[in-house]
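Using the UniProt record's numbering, read the sequence shown as starting at 1 and increasing by one per residue.
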Amino acid sequence: MPAPEPQAAALAPETASHCRCALLLLPGAALLSVAGVLEALQRANALQTACRYDWRCFTLEGQAPAWPGLALLAPVTVPLRGEEGGEEGGEEGSEEGGGAALDAELLLVFSGEAALDDERLLSWLRRQAQLGAERMAIAGIDGGSAWLAAAGLLEGERATVASEWIEALQEEQPAVVWSDKVWEMNASGLRMSCAGGSASLDLMTAWLGRRHGERLAQDLTLALGLERARGRDERQRRPVAEQRGNSPKLAEALSLMEANLAEPLPTEEVARLVGVSRRQLERLFKQHLDALPSRYYLELRLNRARRLLQQSSQSILQIGLSCGFSSGPHFSNAYKAHFDKTPRDERSQRAAAWRRPAGESPP
1 MPAPEPQAAA
11 LAPETASHCR
21 CALLLLPGAA
31 LLSVAGVLEA
41 LQRANALQTA
51 CRYDWRCFTL
61 EGQAPAWPGL
71 ALLAPVTVPL
81 RGEEGGEEGG
91 EEGSEEGGGA
101 ALDAELLLVF
111 SGEAALDDER
121 LLSWLRRQAQ
131 LGAERMAIAG
141 IDGGSAWLAA
151 AGLLEGERAT
161 VASEWIEALQ
171 EEQPAVVWSD
181 KVWEMNASGL
191 RMSCAGGSAS
201 LDLMTAWLGR
211 RHGERLAQDL
221 TLALGLERAR
231 GRDERQRRPV
241 AEQRGNSPKL
251 AEALSLMEAN
261 LAEPLPTEEV
271 ARLVGVSRRQ
281 LERLFKQHLD
291 ALPSRYYLEL
301 RLNRARRLLQ
311 QSSQSILQIG
321 LSCGFSSGPH
331 FSNAYKAHFD
341 KTPRDERSQR
351 AAAWRRPAGE
361 SPP
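Given below as structure tokens:
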């Protein structure tokens with residue numbers, strides 16, 4: 001049976017288009033990740049009338065993920081090729097097998113595991129991508145990204161996954177550009193991924209904002225009770241032990257950087273203060289954070305500047321100086337090189353978003 005349809009407010013069925021979303025819940029799918037997607041879709045229905053979002057939840061064997069004490073969803077079974085009783089698809093072992101096309105504009109694959117040994121599922125995913133072509137967007141949530149990669153659906157694309165799996169996937173799926181960002185979306189919007197958990201809210205806010213405009217994304221952020229939605233450029237917040245790599249020297253260096261954003265320390269000074277050579281410090285950063293100390297330090301400062309631009313009323317120059325940039329042009333150039341927009345553009349876009357009606361796309 002399909003999951004109950006979302007309750008939408010002030011929709012006009014005779015004029016509103018429909019966008020159908022399919023949620024594939026694989027073993028280990030996290031309740032928080034699924035709930036984040038459903039909440040974002042339901043809120044979007046309440047905030048605009050141009051499109052009604054409906055959804056259905058699917059599993060492999062008709063069994064919901066093990067969420068003790070909670071029976072939230074009534075999923076239906078994915079008709080995989082060769083599965084007993086499955087009437088869709090071609091002959092066993094046929095590349096043309098994999099079932100009929102989903103009636104959906106968005107397929108989200110959720111998983112908490114990366115055991116990629118089910119060829120029927122991989123074939124089904126490839127078939128859906130082929131049938132969906134330019135029509136259906138496909139997103140990997142948490143371990144779902146690993147399944148999409150194994151199916152060959154992320155070749156040449158940037159993708160993300162929970163940070164503890166990145167290193168292994170870089171070895172297993174080298175055709176994918178794995179990142180430690182919160183979420184990723186390609187230029188067409190047809191391939192997406194996120195790290196799972198609350199990152200599903202960030203990804204859905206970005207996807208819905210792409211479809212309906214920045215104003216809706218802002219309204220959705222407020223409706224979801226978020227201080228802000230995290231951008232695609234933001235790194236995952238790794239557990240402290242993982243981020244520091246159990247290295248006291250690295251932990252000390254990171255603490256020094258975070259405490260000195262307004263007056264950045266030279267790399268040589270950071271190394272001296274933690275008692276290692278510059279080369280040793282660079283090796284630590286490369287090993288545990290895959291970045292040079294100077295680059296990581298710059299990203300810390302720019303991300304803080306972005307938060308201040310979005311959330312404070314300080315002038316652009318004040319923000320630049322407080323984040324360690326010596327002048328307005330220095331700040332603007334570094335910001336544009338990293339975010340592909342100037343600090344003034346950042347401010348202007350946020351202001352313009354609040355002046356547009358919800359659901360109206362930017363010019």
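Ideal Cβ placement from N, Cα and C applies to all residues, glycine included.
Remember, predicted model here, so these are calculated numbers, not experimental data.
DSSP three-state label for residue i, please.
i    : result
S33  : helix
V240 : Note that V240 scores 47 on pLDDT, short of 50, meaning its location in the model is unreliable and no value can be drawn from it.
A40  : helix
E184 : strand
R191 : strand
D340 : coil
S313 : coil
E95  : Note that E95 has pLDDT 40, beneath the 50 cutoff, so the model's placement of it is unreliable and the number below is only indicative. E95: coil per DSSP, three-state reduction.
D290 : coil
R230 : coil
S277 : coil
S322 : helix
S111 : strand
Which value, in whole angstroms, describes the spacing of the CA atoms of residue i and residue j?
i    : j    : result
L190 : V274 : 45 Å
M136 : A104 : 7 Å
E172 : W147 : 12 Å
A195 : S163 : 7 Å
L216 : L102 : 27 Å
E39  : E299 : 31 Å
L292 : R43  : 41 Å
D233 : W124 : 31 Å
C57  : L261 : 45 Å
E269 : S322 : 20 Å
M204 : D54  : 14 Å
Look up residue i in the DSSP assignment and give the residues it is bridged to.
i    : result
L106 : C21 and A137
P235 : Correcting the residue type first, residue 235 is Arg in the shown sequence and not Pro. According to DSSP, R235 bridges with K181.
D345 : DSSP, once it has assigned bridges, lists no residue as partnering D345.
R159 : With the sequence shown as reference, residue 159 is identified as Ala, and Arg is not the correct amino acid for it. W178.
Where do the N-terminal and C-terminal ends of the alpha helix (DSSP H) with residue i fall, by residue?
i           : result
residue 408 : Only positions 1 to 363 of the chain appear in the structure, and residue 408 is not among them; the question remains open.
R120        : E119 to G132
G209        : A199 to H212
D327        : Per the sequence shown, residue 327 should be read as Ser rather than Asp. Per DSSP, S327 belongs to no alpha helix (DSSP H) and is neither H nor E.
Figure out for me which residue from the options has the closest Cα to the Cα of residue i.
i    : options                   : result
P27  : R52, D118 and C19         : D118
S271 : L261, L256 and E263       : It is worth fixing the name first, because residue 271 is Ala in this sequence and not Ser. Closest by alpha carbon: L256.
G197 : F110, A133, N45 and S179  : F110
D142 : G328, Q236, S326 and W207 : Q236
V161 : A151, V177 and G152       : V177
A168 : A150, L38 and E263        : A150
E184 : Y297, Q170, L154 and A159 : A159
A35  : A199, Q318 and L154       : A199
W165 : E113, R211 and Q130       : E113
T221 : D202, G213 and A100       : D202
I need the boundaries of the beta strand (DSSP E) containing residue i, first residue and last residue.
i    : result
S179 : V177 to S179
A259 : Where A259 is concerned, there is no enclosing beta strand (DSSP E), although the alpha helix (DSSP H) it sits in stretches over P248 to A259.
Do residue i and the ligand SAH come close, with the Cβ less than 7 Å from some heavy atom?
i    : result
R301 : Inclusion of the ligand SAH in the displayed structure is not the case, the ligand content being empty and no account of it being possible.
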